[in-house]
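Residue numbers (the numbering used here), protein chains in the order written: chain A, 37 to 288; chain B, 37 to 288; chain C, 37 to 288. Backbone N, C-alpha and C fix where the C-beta goes; we use that ideal spot for every residue, glycine too. Remember, predicted model here, so these are calculated numbers, not experimental data.
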Amino acid sequence: MPEGAAPLLALFSDFGASGPYVGQVLAAWAGLAPAAPRVDLFSAAPPFDVEAGAHLLFAYTRRLPPGSVVEAVVDPGVGGPRGVLAVLADGLWFCGPDNGLLAVAAGRARGCRVWRVDWRPQSLSATFHGRDLFAPVAAHLALHGAPPAPAEEISPAAMERGGVADPAERVILADPYGNLVTGIPAAGAAETARLAIAGRLLPRARRFGEVNPGEAFWYENADGLAEAAVNRGSAAALLGVSVGAAARLIRD
Amino acid sequence: MPEGAAPLLALFSDFGASGPYVGQVLAAWAGLAPAAPRVDLFSAAPPFDVEAGAHLLFAYTRRLPPGSVVEAVVDPGVGGPRGVLAVLADGLWFCGPDNGLLAVAAGRARGCRVWRVDWRPQSLSATFHGRDLFAPVAAHLALHGAPPAPAEEISPAAMERGGVADPAERVILADPYGNLVTGIPAAGAAETARLAIAGRLLPRARRFGEVNPGEAFWYENADGLAEAAVNRGSAAALLGVSVGAAARLIRD
Amino acid sequence: MPEGAAPLLALFSDFGASGPYVGQVLAAWAGLAPAAPRVDLFSAAPPFDVEAGAHLLFAYTRRLPPGSVVEAVVDPGVGGPRGVLAVLADGLWFCGPDNGLLAVAAGRARGCRVWRVDWRPQSLSATFHGRDLFAPVAAHLALHGAPPAPAEEISPAAMERGGVADPAERVILADPYGNLVTGIPAAGAAETARLAIAGRLLPRARRFGEVNPGEAFWYENADGLAEAAVNRGSAAALLGVSVGAAARLIRD
């Protein structure tokens with residue numbers, strides 16, 4: 037980032053774009069770290085789906101400005117005994133619940149350090165840690181480049197995996213166009229590779245205009261994942277499947 | 037707020053998160069008060085529902101940074117004779133229509149001053165006062181700490197109530213998870229208190245993980261309101277009700 | 037804009053308000069031009085509908101602060117041979133695909149200059165030019181007041197029209213209230229003018245409160261377009277039509 041600029045604070049969550057939770061996190065940041073730019077990176081991750089969130093989180097943070105701080109919240113165990121993590125992975129900070137959500141970002145990093153954060157705010161609701169706990173941890177990371185004390189560095193191997201598979205051979209997001217994003221990295225797949233999904237074998241294309249309107253195909257999306265799509269149409273509607281549907285990449 | 041920082045400008049409205057209105061208000065602020073941080077706090081309040089808006093507005097502004105300025109717009113009478121208010125309540129500024137929307141925030145404040153704002157912009161559409169009238173009033177409050185002239189301080193008792201009840205014994209929001217927020221403050225309710233809603237009596241829990249997946253309960257949400265929820269599910273779907281449904285808290 | 041302030045960066049797109057694309061564009065800007073204010077102006081334009089986008093883009097940029105830079109993306113031909121434009125129209129910068137999307141903003145401007153931008157980033161996905169190509173072009177315009185090299189000034193007449201009609205005698209947006217925005221400028225229409233839509237002839241009103249709840253009418257919206265609406269109701273639901281439905285303004 038340019039010298040002197042504050043790191044970007046980015047929110048990733050399953051809060052829902054239309055709900056009242058995103059705005060409260062951004063407002064909390066404005067109070068805690070007013071000089072840091074803020075962005076709702078993505079808050080329509082599939083609700084309660086930690087595995088989908090883990091892969092989407094990795095995908096959507098590949099191009100963030102170096103030094104950015106990402107608050108990640110898909111947290112069905114909020115208020116329970118699950119821990120709180122701060123992870124420094126390839127120059128990006130992540131903070132979130134210790135439930136597998138950070139497992140892909142940490143697991144794929146060339147360099148990764150992990151802290152268990154035991155700091156807690158004076159006032160903590162049982163159900164909105166995104167605002168009350170993770171937001172101040174993220175703001176602290178942006179301001180100080182380290183987690184708030186008390187925090188203890190732990191081995192990345194000690195993180196919870198939460199059953200998160202990598203790759204995730206299924207649909208992890210239906211985007212607003214009806215495109216079906218899978219948790220399968222597409223790098224290295226042949227031009228003839230096919231995506232098995234919804235009982236069909238989709239051919240590969242590089243871009244939407246290569247196939248006829250209404251036709252289904254798969255492509256390597258802008259974040260490196262295999263994605264089923266329909267030119268000027270909805271793959272979710274055409275194929276009749278959505279988040280959770282099995283998908284497999286037949287690579288050659 | 038930190039010395040020298042401009043106050044946060046926060047939007048609360050029923051404009052709809054996906055509509056073209058939120059962006060235009062934020063863009064207007066960027067032109068009028070470029071140094072002030074801006075946030076869409078919440079813009080999916082139930083359309084035209086002043087009572088629901090009044091309670092949600094209070095709830096979602098409890099944790100704003102001191103000195104923040106909130107533009108609040110649920111305004112079915114836009115373009116008609118209803119007045120324009122600026123309210124200073126417990127260190128937060130609110131501006132919006134004089135139709136009851138600010139009644140809960142003002143009525144519950146320990147200290148409250150109210151101005152009727154007679155200032156009007158040179159160019160004023162009949163239907164988008166959020167951009168053309170309230171946005172410049174809010175920017176003026178952020179820049180100058182006082183409403184634009186002409187404005188006259190009035191008694192809080194002279195504000196329109198618009199039929200807004202407090203508490204509001206009904207559902208005032210179905211959030212993106214399907215949780216049902218009521219307009220009933222939960223403070224002081226016993227651990228054995230039950231929420232009567234949709235013909236059922238829901239038991240209390242402190243957090244989602246305390247009940248089985250698919251089970252309905254109520255809890256005091258992070259903003260102090262009684263809320264019906266289902267662990268890893270949708271209370272709106274399970275109970276078959278939404279905004280407007282009657283709810284009553286049986287406190288002991 | 038105030039002296040020394042950076043121009044506003046505004047996004048207009050069909051990315052969908054709940055999708056993962058808006059946040060990535062805003063995050064890219066935060067890295068490239070951290071001092072420039074950023075706003076998602078509107079990202080729920082009808083998918084793939086260049087004509088609707090062209091009219092909505094014009095409408096929603098009329099009040100932007102002078103000098104603002106607008107990234108406009110409705111781009112079904114992404115990754116194909118379509119060109120990239122930077123347009124300076126009446127003091128606003130626009131960048132986007134050369135497919136007709138900028139045709140209304142350019143065509144109605146009192147003064148207009150157009151550049152074909154041949155600059156390309158080192159790393160360019162085939163499908164997300166909003167983040168990888170248009171975002172850095174927009175950031176460059178905000179920082180330098182000129183398109184990145186290589187770029188060649190061309191005649192406005194050389195822009196693609198893409199079949200975009202002006203006016204567009206049809207519905208170009210159903211907003212979150214169910215209001216039906218047409219691509220027909222309403223300036224100069226008589227008080228007795230009627231809007232022909234869905235087999236009905238709607239009378240004119242100036243504001244919602246002038247008609248009974250549940251009653252349909254048309255009005256000149258805050259952006260100058262003819263719009264069908266229902267007081268405290270949804271015109272889309274009442275009339276049973278949506279984006280694409282024919283509409284005609286009978287002006288006297």
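Starting from residue i, find everything on chain B with Cβ-Cβ shorter than 7 Å and list it in chain order.
{"i": "Asn84 of chain A", "result": "Rather than Asn, the amino acid found at residue 84 of chain A in this sequence is Phe. Near Phe84 of chain A (Cβ distances below 7 Å), the residues of chain B are Arg268."}
{"i": "Phe78 of chain C", "result": "Pro56 and Gly59"}
Report yes or no: is there a C-beta of chain A within less than 8 Å of the C-beta of residue i?
{"i": "Leu231 of chain C", "result": "no"}
{"i": "Asp168 of chain C", "result": "yes"}
{"i": "Pro73 of chain B", "result": "yes"}
Could one say the Cβ of residue i lies closer than 8 Å to chain C's Cβ atoms, at least one of them?
{"i": "Pro38 of chain B", "result": "Legend: pLDDT at Pro38 of chain B = 45, less than 50; position of this residue unreliable, value from coordinates given subsequently. No - not a single Cβ of chain C is within 8 Å of the one on Pro38 of chain B."}
{"i": "Leu128 of chain B", "result": "no"}
{"i": "Asn257 of chain A", "result": "yes"}
Would a check of beta-carbon distances place residue i closer than 8 Å to chain B?
{"i": "Pro112 of chain A", "result": "yes"}
{"i": "Leu7 of chain C", "result": "Past the edges of chain C, shown from 37 to 288, lies residue 7 of chain C, and the structure says nothing about it."}
So residue i contacts chain C; which residues on that side make the cut at Cβ distance below 8 Å?
{"i": "Phe51 of chain B", "result": "Pro212"}
Taking the alpha carbon of residue i as the point to measure from, which residue in the options has its own alpha carbon closest?
{"i": "Thr228 of chain C", "options": "C:Phe253, C:Phe244 and C:Ala210", "result": "C:Phe253"}
{"i": "Ala125 of chain B", "options": "B:Val109, B:Val110, B:Gly103 and B:Gly119", "result": "B:Gly103"}
{"i": "Asp134 of chain C", "options": "C:Val86, C:Leu92, C:Leu261 and C:Val277", "result": "C:Val86"}
{"i": "Val110 of chain A", "options": "A:Trp129, A:Leu285, A:Leu100 and A:Ala139", "result": "A:Ala139"}
{"i": "Ala81 of chain C", "options": "B:Tyr57, B:Leu92, B:Ala66 and B:Leu100", "result": "B:Tyr57"}
{"i": "Leu206 of chain A", "options": "A:Pro212, A:Thr218, A:Arg197 and A:Glu196", "result": "It is worth fixing the name first, because residue 206 of chain A is Arg in this sequence and not Leu. It is A:Thr218 whose Cα lies nearest to the Cα of Arg206 of chain A."}
{"i": "Ala182 of chain A", "options": "A:Asp168, A:Asp288 and A:Cys131", "result": "A:Cys131"}
{"i": "Gly214 of chain C", "options": "C:Thr97, C:Pro101, C:Val277 and C:Ala141", "result": "C:Val277"}
{"i": "Ala88 of chain A", "options": "A:Val200, A:Gly235 and A:Leu231", "result": "A:Val200"}
{"i": "Glu251 of chain C", "options": "C:Asp259, C:Ser159 and C:Pro239", "result": "C:Pro239"}
{"i": "Leu93 of chain C", "options": "C:Pro157, C:Arg236, C:Leu128 and C:Ser54", "result": "C:Leu128"}
{"i": "Glu256 of chain B", "options": "B:Gly136, B:Ala71, B:Ala95 and B:Gly59", "result": "B:Ala95"}
{"i": "His91 of chain B", "options": "B:Leu137, B:Pro83 and B:Ala162", "result": "B:Leu137"}
{"i": "Ser270 of chain C", "options": "C:Gly224, C:Pro212, C:Ala223 and C:Ile233", "result": "C:Pro212"}
Measuring only the C-alpha atoms, how far is residue i from residue j?
{"i": "Asn267 of chain A", "j": "Phe164 of chain C", "result": "15 Å"}
{"i": "Ala282 of chain B", "j": "Gly113 of chain A", "result": "29 Å"}
{"i": "Phe78 of chain A", "j": "Leu47 of chain A", "result": "7 Å"}
{"i": "Glu246 of chain B", "j": "Pro117 of chain A", "result": "11 Å"}
{"i": "Arg242 of chain C", "j": "Gly115 of chain B", "result": "8 Å"}
{"i": "Leu261 of chain A", "j": "Ala141 of chain A", "result": "14 Å"}
{"i": "Ala210 of chain B", "j": "Leu231 of chain B", "result": "16 Å"}
{"i": "Ile208 of chain B", "j": "Ile190 of chain B", "result": "29 Å"}
{"i": "Trp65 of chain B", "j": "Ile286 of chain B", "result": "44 Å"}
{"i": "Val153 of chain A", "j": "Glu188 of chain A", "result": "7 Å"}
{"i": "Gln158 of chain C", "j": "Pro186 of chain C", "result": "14 Å"}
{"i": "Leu62 of chain B", "j": "Ala175 of chain B", "result": "10 Å"}
{"i": "Gly166 of chain A", "j": "Ile220 of chain C", "result": "44 Å"}
{"i": "Val173 of chain B", "j": "Pro184 of chain B", "result": "7 Å"}
{"i": "Pro192 of chain A", "j": "Ala226 of chain A", "result": "33 Å"}
{"i": "Ser178 of chain B", "j": "Leu160 of chain B", "result": "Residue identity check: residue 178 of chain B is Ala in the sequence provided, not Ser. Each residue's alpha carbon lies about 21 Å from the other."}
{"i": "Asp202 of chain A", "j": "Leu169 of chain C", "result": "30 Å"}
{"i": "Ala265 of chain A", "j": "Gly235 of chain A", "result": "15 Å"}
{"i": "Ala53 of chain C", "j": "Asp288 of chain B", "result": "43 Å"}
So residue i contacts chain C; which residues on that side make the cut at Cβ distance below 7 Å?
{"i": "Arg243 of chain A", "result": "Val114, Gly115, Gly116, Ala162 and Thr163"}
At a CB-CB cut-off below 9 Å, which residues of chain B make contact with residue i?
{"i": "Leu44 of chain C", "result": "Ala63, Ala66, Gly67 and Pro70"}
Interface residues of chain A around residue i at Cβ under 7 Å?
{"i": "Ala41 of chain B", "result": "Pro70"}
Measuring from the CB of residue i, is there a heavy atom of the ligand NAD at a distance below 7 Å?
{"i": "Ala234 of chain B", "result": "As far as ligands go, the structure on display features none, and thus does not contain the ligand NAD."}
Residue ranges of each alpha helix (DSSP H) run of no fewer than 4 residues wholly in the stretch 164-241 of chain C, ordered along the chain?
Listed in chain order, the complete alpha helix (DSSP H) runs (minimum 4 residues) inside the stretch 164-241 of chain C are 171-180.
To test your reading of the DSSP string, which unbroken beta strand (DSSP E) runs of 3 or more residues are found completely within the stretch 56-85 of chain A?
74-78
Threshold first: 3 residues or longer. Then list the beta strand (DSSP E) segments lying entirely within the stretch 114-142 of chain A, N to C.
Correct list: 120-125 and 128-133.
Threshold first: 4 residues or longer. Then list the alpha helix (DSSP H) segments lying entirely within the stretch 243-282 of chain A, N to C.
271-275
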